[in-house]
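For reference, the structure discussed in these notes is given below.
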Amino acid sequence: LEDETGIINVIVWPKLIERYRKEVLQGQILRVVGTLQNTQGSQHLIAESLHSEDHRLANLSAGSRDFC
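Heads up: the sequence shown is residues 4 to 71, going by my numbering.
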């Protein structure tokens, strides 16, 4: 998982993928709820549930940007 502040590993166990199969395969925006694990300076998010946030796509604008 990556955003403007950095990267974190998300661990999703096979049983969780089975439970949220539709969201994993069809979702474009996925919200992950879980527990943050910090071990020896390495951080991981242990997923507990996955939720489609595709309904938020309508609120996003896809305007053009000129970075020059």
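For each residue, glycine too, the CB sits at the ideal point set by N, CA and C.
Cβ neighbour criterion (16 or more within 10 Å) applied to alanine 50 = Numbered from 1 along the sequence shown, position 47 holds the residue referred to as residue 50. Here alanine 50 is buried, its C-beta having at least 16 other C-beta atoms within 10 Å.
Integer Cβ distance of valine 35 from leucine 4, believed to fall under 8 Å = Reading the sequence shown from its first residue, position 32 is the one you call residue 35. Reading the sequence shown from its first residue, position 1 is the one you call residue 4. Yes, they are in contact, since the Cβ atoms of valine 35 and leucine 4 sit about 7 Å apart, within 8 Å.
request  = Give the DSSP-derived three-state secondary structure of glutamate 21 in the structure shown.
outcome  = As a first step, residue 21 must be located in the sequence shown, where it is residue number 18. Note: glutamate 21 maps to helix in three-state DSSP.
ask   = How should leucine 53 be labelled, buried or exposed, when 16 other C-beta atoms within 10 angstroms of its C-beta is the threshold for buried?
value = Stepping through the sequence shown from its first residue, residue 53 is reached at position 50. Per the 10 Å Cβ criterion, buried.
Length of the line joining the Cα atoms of lysine 25 and glutamine 43 = Residue mapping note: residue 25 aligns to position 22 of the sequence shown, counting from 1. Residue mapping note: residue 43 aligns to position 40 of the sequence shown, counting from 1. Spanning the two alpha carbons is a distance of roughly 34 Å.
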